[in-house]
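Listed in order, the protein sequences are those of chains A and B. The opening position of the first sequence corresponds to residue 1 in our numbering, with each subsequent residue numbered one higher. The opening position of the second sequence corresponds to residue 474 in our numbering, with each subsequent residue numbered one higher. Ideal Cβ positions, reconstructed from N, Cα and C, are used throughout, including at glycine. Take a look at the structure set out below.
Protein chains: 2
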Amino acid sequence: MKHLEQLLDRIISHAKINLREFSFDIDGHMKGLLPLDQLTKFYAYYGITSHHPIFFSFINSSLSGSYLLGKCRVANSILYKCDIRGDELKQKGEALNFKDFDLVLDDDEMISIRNSLLLKTLVHNFSHDPEKIDLFLIKNTIACPYANIHGSPLDGCFLGPFSTIDLTTGHDVIVGAFSYIQTGSLAHTNVEPGHIWIKNGGVFDFQYRYSQDALKNYIGFAPGKGVAGRFMDFAEDLKTDFQRLYDVVHMEKPTIVPSGASLNRYAVFQGESHIEENVLVAQRAFIESSWLGKGANAQENCHISHSHLDGYNVTAHGATIIHAHLKPRVFVGFNSFLQGKENVPLTIGEGCIIMPHTIIHLNAPLDIPPGCLVWGHIRNKTDFENHSMALDDFSKIKDECKMGNMHFKGDGSAFVQAFTRRIEHILEANGAYFDGERNSGHAQKGQNISFNLIQPYPKGPREGLYPSIEINP
Amino acid sequence: MKHLEQLLDRIISHAKINLREFSFDIDGHMKGLLPLDQLTKFYAYYGITSHHPIFFSFINSSLSGSYLLGKCRVANSILYKCDIRGDELKQKGEALNFKDFDLVLDDDEMISIRNSLLLKTLVHNFSHDPEKIDLFLIKNTIACPYANIHGSPLDGCFLGPFSTIDLTTGHDVIVGAFSYIQTGSLAHTNVEPGHIWIKNGGVFDFQYRYSQDALKNYIGFAPGKGVAGRFMDFAEDLKTDFQRLYDVVHMEKPTIVPSGASLNRYAVFQGESHIEENVLVAQRAFIESSWLGKGANAQENCHISHSHLDGYNVTAHGATIIHAHLKPRVFVGFNSFLQGKENVPLTIGEGCIIMPHTIIHLNAPLDIPPGCLVWGHIRNKTDFENHSMALDDFSKIKDECKMGNMHFKGDGSAFVQAFTRRIEHILEANGAYFDGERNSGHAQKGQNISFNLIQPYPKGPREGLYPSIEINP
Numbered sequence: 001m002k003h004l005e006q007l008l009d010r011i012i013s014h015a016k017i018n019l020r021e022f023s024f025d026i027d028g029h030m031k032g033l034l035p036l037d038q039l040t041k042f043y044a045y046y047g048i049t050s051h052h053p054i055f056f057s058f059i060n061s062s063l064s065g066s067y068l069l070g071k072c073r074v075a076n077s078i079l080y081k082c083d084i085r086g087d088e089l090k091q092k093g094e095a096l097n098f099k100d101f102d103l104v105l106d107d108d109e110m111i112s113i114r115n116s117l118l119l120k121t122l123v124h125n126f127s128h129d130p131e132k133i134d135l136f137l138i139k140n141t142i143a144c145p146y147a148n149i150h151g152s153p154l155d156g157c158f159l160g161p162f163s164t165i166d167l168t169t170g171h172d173v174i175v176g177a178f179s180y181i182q183t184g185s186l187a188h189t190n191v192e193p194g195h196i197w198i199k200n201g202g203v204f205d206f207q208y209r210y211s212q213d214a215l216k217n218y219i220g221f222a223p224g225k226g227v228a229g230r231f232m233d234f235a236e237d238l239k240t241d242f243q244r245l246y247d248v249v250h251m252e253k254p255t256i257v258p259s260g261a262s263l264n265r266y267a268v269f270q271g272e273s274h275i276e277e278n279v280l281v282a283q284r285a286f287i288e289s290s291w292l293g294k295g296a297n298a299q300e301n302c303h304i305s306h307s308h309l310d311g312y313n314v315t316a317h318g319a320t321i322i323h324a325h326l327k328p329r330v331f332v333g334f335n336s337f338l339q340g341k342e343n344v345p346l347t348i349g350e351g352c353i354i355m356p357h358t359i360i361h362l363n364a365p366l367d368i369p370p371g372c373l374v375w376g377h378i379r380n381k382t383d384f385e386n387h388s389m390a391l392d393d394f395s396k397i398k399d400e401c402k403m404g405n406m407h408f409k410g411d412g413s414a415f416v417q418a419f420t421r422r423i424e425h426i427l428e429a430n431g432a433y434f435d436g437e438r439n440s441g442h443a444q445k446g447q448n449i450s451f452n453l454i455q456p457y458p459k460g461p462r463e464g465l466y467p468s469i470e471i472n473p
Numbered sequence: 474m475k476h477l478e479q480l481l482d483r484i485i486s487h488a489k490i491n492l493r494e495f496s497f498d499i500d501g502h503m504k505g506l507l508p509l510d511q512l513t514k515f516y517a518y519y520g521i522t523s524h525h526p527i528f529f530s531f532i533n534s535s536l537s538g539s540y541l542l543g544k545c546r547v548a549n550s551i552l553y554k555c556d557i558r559g560d561e562l563k564q565k566g567e568a569l570n571f572k573d574f575d576l577v578l579d580d581d582e583m584i585s586i587r588n589s590l591l592l593k594t595l596v597h598n599f600s601h602d603p604e605k606i607d608l609f610l611i612k613n614t615i616a617c618p619y620a621n622i623h624g625s626p627l628d629g630c631f632l633g634p635f636s637t638i639d640l641t642t643g644h645d646v647i648v649g650a651f652s653y654i655q656t657g658s659l660a661h662t663n664v665e666p667g668h669i670w671i672k673n674g675g676v677f678d679f680q681y682r683y684s685q686d687a688l689k690n691y692i693g694f695a696p697g698k699g700v701a702g703r704f705m706d707f708a709e710d711l712k713t714d715f716q717r718l719y720d721v722v723h724m725e726k727p728t729i730v731p732s733g734a735s736l737n738r739y740a741v742f743q744g745e746s747h748i749e750e751n752v753l754v755a756q757r758a759f760i761e762s763s764w765l766g767k768g769a770n771a772q773e774n775c776h777i778s779h780s781h782l783d784g785y786n787v788t789a790h791g792a793t794i795i796h797a798h799l800k801p802r803v804f805v806g807f808n809s810f811l812q813g814k815e816n817v818p819l820t821i822g823e824g825c826i827i828m829p830h831t832i833i834h835l836n837a838p839l840d841i842p843p844g845c846l847v848w849g850h851i852r853n854k855t856d857f858e859n860h861s862m863a864l865d866d867f868s869k870i871k872d873e874c875k876m877g878n879m880h881f882k883g884d885g886s887a888f889v890q891a892f893t894r895r896i897e898h899i900l901e902a903n904g905a906y907f908d909g910e911r912n913s914g915h916a917q918k919g920q921n922i923s924f925n926l927i928q929p930y931p932k933g934p935r936e937g938l939y940p941s942i943e944i945n946p
């Protein structure tokens, strides 16, 4: 265990040096966050398919629990239940266009993680940074439980619990608990907790700030006290349901997986649940007593229970949907928390966009009309009216709009279009439109996959560390 | 699957070139022996401990089902349910004495398997060849089901089913079904089926030949007909009991494993079974309704059911013991088949040596007195008298002794001493004499082990092949 302790110290030191300009207590926040003695109880696994280029290299690292796919290099790092998803890595010879620049990849893109701690963290690699087209680098970075790193190369960052950094190159950045950042790039910034921020250069800038008072019941994160609150309790409660998936090598698929659909063997799928064609249920997704219509996807770490999704729904990484009926093409963003109850149902109309990190935690039934943009903290109809706008109306904003803690500047139409296009891309990429031959995506490409399980040294000074491994085609 | 088929053809070609001097139909014997489409259903696993130096390299190979421990390199080969046990590999700096020569290892010894097919085959590496002290090479070799390669570097060999080559460097050798070879080295020889041959230079030469007629009920192996007979039926019947071990990642150990004992998680241990201190139950051992006394070992692929072993018993690789009572320090050699029945019990007295590849298949109860050497095919007391001798009497042989199909030449005392010393070495190496601090062996060193599971490409032209993997400490 000695080497593992040294490694953790080293990772924390790196983050502290990068973030020295802020008076942020990294040591205090890290205290007790990573149970080192638990790391030997898990195993890591990497996927082998005939669709994804293969290269894995693991050096002086602990990979416990993590899932890896696509070309990936990990050095001097501790991973823990991450999903390192390299299924959108760019491939050699691929041509890319960034505004005035035409770029061609000389080599396959690779994820590289160095001197970093990623704790129960998703890493999805679809990056938009033209400066590093063949390297998706995460360096000197600490990610707290249930943070998401999505298309965001990071150098010297600290991500609070349940935060998301999305399509944003980060350098020396602190992202507070439950904050969502999508700003293209961000440097030398300390983002306060519960800040939702989507910015596209001078075109638009959407910001919403949770009241710290409302947030504290959902997520608490203070030095020496670890992560607390409803989100953490909820996530930790699912542990036992997942345990059996990790105990078994070959998971028998239920017979109900229709053609074009993919049910990951590390997903929980229980109760009277059903999936239609072209549905993707990703690893660590939790589906209970729910119906997922054609082309719906349930991404990593999402939770869907007692709900009906009509079809072409996106449930993004970490989103929770309970006792809800989602009409077609409803989008639910990252880490959104939608909780109806059996007698307090939530209905969301066709084509609604539930912004990332939205909390709909009902004390009265709510029926959201079609075509709405929804954000913030909603408990009932009044809250909803103060935290939503018809997409058509939002598109009419030309300059600025304020509603409570929401502040939008720029072109509303460009904002709605950007969101709509991205949702279409997500559906396409996940294989929602597969016709048996064309338009295949993750749902189809992930159907034939081998999982290779790797375990750490069980005893001695290297306990919890993994041997160095290099895997080539 | 295309690449896998090409690889098999290539391996067979290599063996054919090496063995071209013999009129032996390799193609015919190989027909249907390896079900290529089954290979994707299994996974390989390698062990990580803090006691065994680590290096694994797998290139252009299928490893399905195999178990690997210690430094090991596999290239252009197909393994299938092998136990590649590198736990007796010599380590860097170790000094060895071979008669007049003092040798020191410049590097850790490594197992290297090239252009070979090893089918359900144990490879144990304790080699005595002073010409290759840091390389245990198996090259251009085909091993049929349940053959044992034990301390025997091989180049261009074909091992029939249930054969054993033990402490013998082999070059261009065919070993017939159920033959046992321990001759130090052997080259350009076609050993007929059922030939038991133990030779130490000019000191002694023990040979026993089964009648082909007696053998055919136990083991049949003819071109185009695969492997048939009682041995094969018996081995294949156990498949389902083993299946559940491979389905589960973390096997809960029964609470009865006492200190100093080791029960491998890939062993079947069922019925009312019990083990005492310092017992070793190795991978793929099958224990049912049996009692194993202090310091007993049950090696790979052995089968012990409805039996009582008093203690310090060796049950070598592939040996079968059914409805038997073994008094202390009974040794049962490789692939021996001892079958009593509930009302036809077999008792074996203290210190008996049951020679490798002995068949005791009773039609009447048999009580073997202590201190006997036993060989050949035995069904009752008369057979026993014709296939055994008191060790004390055997030690008195000075020149030659013939009994039925057994022919011994040389020094009987040296033969008995060599056997006795080897049994002591086996008990020591397996940790039978561990006192809580000193004399630790495999039973103790194998207690803390991680198993890493690796799977092949699930689809496409590489189906059944594994990616190239290199693992370092």
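Checklist line | Cβ neighbour criterion (16 or more within 10 Å) applied to B/Lys672 | finding: Numbered from its first residue, the second sequence carries residue 672 of chain B at position 199. With 16 or more other Cβ atoms within 10 Å, it is buried.
Margin query: I'd like to know if B/Asn533 contacts chain C, where contact means its C-beta is closer than 7 Å to some C-beta of that chain.
Written below: The question asks about chain C, but that chain is absent: this structure's protein chains are A and B.
Margin query: Among B/His476, B/Val803 and B/Cys630, whose alpha-carbon lies nearest the alpha-carbon of B/Leu900?
Written below: By 1-based counting over the second sequence, the position of residue 900 of chain B is 427. Comparing Cα-Cα distances from B/Leu900 to each of B/His476, B/Val803 and B/Cys630, the minimum goes to B/Val803.
Notebook entry, point to check: CB-CB under 6 Å to B/Leu590, same chain, minus the five flanking residues each way: which ones, in chain order?
Noted result: Along the second sequence, read from residue 1 onward, the residue named residue 590 of chain B stands at position 117. Result list for B/Leu590: Ile484, Ile551 and Ile615, in chain order.
Notebook entry, point to check: Using a Cβ-Cβ distance under 7 Å, would B/Gly933 count as near chain A?
Noted result: Walking along the second sequence from the start, residue 933 of chain B turns up at place 460. Interface residue, yes.
Check: For the 8 Å Cβ check, are there 3 or more pairs between the stretch 400-413 of chain A and the stretch 380-390 of chain A?
Finding: Output reads yes: the stretch 380-390 of chain A touches the stretch 400-413 of chain A.
Next item on the list: Note down the Cα distance separating B/Pro818 from A/Val268, rounded to an integer number of angstroms.
Entry: Within the second sequence, the letter at position 345 stands for residue 818 of chain B. Within the first sequence, the letter at position 268 stands for residue 268 of chain A. For B/Pro818 and A/Val268, the distance between alpha carbons rounds to 51 Å.
Notebook entry, point to check: With a CB to CB cut of under 6 Å and the five nearest residues on each side skipped, what residues in its chain are close to B/Gln680?
Noted result: Translated into positions along the second sequence, residue 680 of chain B becomes position 207. Answer for B/Gln680: Trp670 and His880, listed in chain order.
Note to self: Less than 7 Å between the C-beta atoms of A/Gly318 and A/Phe334, yes or no?
What the structure shows: The residue labelled residue 318 of chain A in the question sits at position 318 within the first sequence. The residue labelled residue 334 of chain A in the question sits at position 334 within the first sequence. If you check the CB distance, A/Gly318 and A/Phe334 come in under 7 Å.
Notebook entry, point to check: By the criterion of Cβ-Cβ separation under 7 Å, what are the contact partners of B/Phe715 in chain A?
Noted result: Here residue 715 of chain B corresponds to residue number 242 of the second sequence, with the count starting at 1. The contacting residues do not exist; B/Phe715 stays about 13 Å from chain A at best.
Check: Based on Cα-Cα distance, which residue from B/Asn663, B/Lys605, B/Ile611 and B/Leu610 lies nearest to B/Gly1028?
Finding: Here chain B comprises residues numbered 474 to 946, so residue 1028 of chain B is not present and cannot be evaluated.
Notebook entry, point to check: What are the boundary residues of the beta strand (DSSP E) that includes B/Asp972?
Noted result: The structure shown does not extend to residue 972 of chain B, since chain B is modelled only from 474 through 946, so no value can be given for it.
Check: From B/His798 to B/Asp908, what does the alpha carbon distance come to, in whole angstroms?
Finding: Reading the second sequence from its first residue, position 325 is the one you call residue 798 of chain B. Reading the second sequence from its first residue, position 435 is the one you call residue 908 of chain B. Computed Cα separation, rounded: 26 Å.
Item checked: Any beta strand (DSSP E) of 3 or more consecutive residues that is wholly inside the stretch 188-257 of chain A -> 195-200, 204-209, 220-222 and 226-228
Check: Is it true that the stretch 565-582 of chain B meets the stretch 749-759 of chain B, where meeting means three or more beta-carbon pairs spaced less than 8 Å apart?
Finding: no
Checklist line | A/Ser262: contacting residues in chain B (beta-carbon distance under 8 Å) | finding: To locate residue 262 of chain A, count along the first sequence from 1; it is residue 262. Near A/Ser262 there are no residues of chain B at all, since even the closest Cβ is about 13 Å away, more than 8 Å.
Note to self: Any beta carbon from chain A within less than 7 Å of B/Pro940's own beta carbon?
What the structure shows: As a first step, residue 940 of chain B must be located in the second sequence, where it is residue number 467. Taking Cβ atoms only, chain A reaches closer than 7 Å to B/Pro940, which makes this a yes.
Margin query: Against A/Val268, what residues of chain B qualify as contacts under a CB-to-CB distance less than 8 Å, listed in chain order?
Written below: Along the first sequence, read from residue 1 onward, the residue named residue 268 of chain A stands at position 268. Ordered by position in chain B, no residue passes the 8 Å Cβ test against A/Val268, which lies about 16 Å from the chain.
Checklist line | Rounded separation between A/Leu245 and A/Arg265 - CA only | finding: On the first sequence, position 245 is the one that residue 245 of chain A refers to. On the first sequence, position 265 is the one that residue 265 of chain A refers to. Those two C-alpha atoms are separated by around 7 Å.
Margin query: Strictly under 7 Å for the Cβ-Cβ distance: is B/Glu943 near chain A by that measure?
Written below: Here residue 943 of chain B refers to the residue found at position 470 when the second sequence is read from its first residue. Taking Cβ atoms only, chain A reaches closer than 7 Å to B/Glu943, which makes this a yes.
Checklist line | Cβ neighbours of A/Val104 in the same chain (closer than 6 Å, five flanking residues each side left out) | finding: By 1-based counting over the first sequence, the position of residue 104 of chain A is 104. Counting only Cβ-Cβ distances below 6 Å, and skipping sequence neighbours, we find Ala95.
Item checked: Opening and closing residue of the beta strand (DSSP E) in which A/Gly170 lies -> Taking the first residue of the first sequence as position 1, residue 170 of chain A is located at position 170. Note, A/Gly170: beta strand (DSSP E), Thr168 to Val175.
Check: By Cβ distance, which residues of its chain are closer than 6 Å to B/His623, with the 5 residues on each side in sequence left out?
Finding: Counting from 1 along the second sequence, the entry for residue 623 of chain B is found at position 150. Contacts found: His597 and Asp639.
Notebook entry, point to check: Are the C-beta atoms of A/Asn190 and some chain B residue less than 7 Å apart?
Noted result: Here residue 190 of chain A corresponds to residue number 190 of the first sequence, with the count starting at 1. Chain B contact via Cβ: absent.
Note to self: Going residue by residue through the stretch 357-403 of chain A, where are the continuous alpha helix (DSSP H) segments of at least 4 residues, counting only ones entirely within it?
What the structure shows: 381-386 and 391-395
Next item on the list: Please say whether B/Glu773 and B/Asp556 have beta carbons closer to each other than 7 Å?
Entry: For the purposes of this step, residue 556 of chain B is identified with residue 83 of the second sequence, where counting begins at 1. For the purposes of this step, residue 773 of chain B is identified with residue 300 of the second sequence, where counting begins at 1. Yes; because the gap between Cβ atoms is below 7 Å, this pair is in contact.
Notebook entry, point to check: At a Cβ cut of 9 Å, what residues of the stretch 534-563 of chain B count as close to chain A, listed as they run along the chain?
Noted result: none
Margin query: Starting from A/Gly271, trace the alpha helix (DSSP H) in both directions and tell me its first and last residue.
Written below: Here residue 271 of chain A refers to the residue found at position 271 when the first sequence is read from its first residue. First-last for A/Gly271: undefined, no H or E at that position.
Notebook entry, point to check: B/Gln928 touches chain A at which residues, Cβ-Cβ below 7 Å?
Noted result: Counted from its first residue, the second sequence places residue 928 of chain B at position 455. Ordered by position in chain A, the residues that pass the 7 Å Cβ test against B/Gln928 are Ile48, Ser450, Phe451 and Asn452.
Notebook entry, point to check: Using a C-beta cutoff of 7 Å, does A/Val344 count as contacting chain B?
Noted result: Residue numbering aside, residue 344 of chain A sits at position 344 when the first sequence is read from its first letter. No, no contact with chain B.
Margin query: Please classify B/Val648 as buried or exposed, where buried requires at least 16 other C-beta atoms within 10 Å of its C-beta.
Written below: Walking along the second sequence from the start, residue 648 of chain B turns up at place 175. It counts as buried.
Next item on the list: Could you name the residues of the same chain whose beta carbon sits closer than 6 Å to that of B/Ile532, not counting the 5 residues immediately before and after it, in chain order?
Entry: Within the second sequence, residue 532 of chain B is the residue found at index 59, counting from 1. Excluding residues within five positions, the ones whose Cβ falls inside 6 Å are Ala548 and Ser941.
Check: Using a Cβ-Cβ distance under 7 Å, would A/Val374 count as near chain B?
Finding: Position 374 of the first sequence, counted from the start, is the residue given in the question as residue 374 of chain A. So no, A/Val374 is outside the interface.
Check: Helix, strand or coil: which one does DSSP assign to B/Asp466?
Finding: Residue 466 of chain B is absent from the model: chain B starts at 474 and stops at 946.
Next item on the list: Output, in chain order, the set of chain A residues within a Cβ distance shorter than 7 Å of B/Ile527.
Entry: Translated into the one-based positions of the second sequence, residue 527 of chain B becomes position 54. In chain order: Pro467.
Next item on the list: Check A/Glu424 in the structure and name its three-state DSSP category.
Entry: If you number the first sequence from 1, residue 424 of chain A lands on position 424. A/Glu424: helix per DSSP, three-state reduction.
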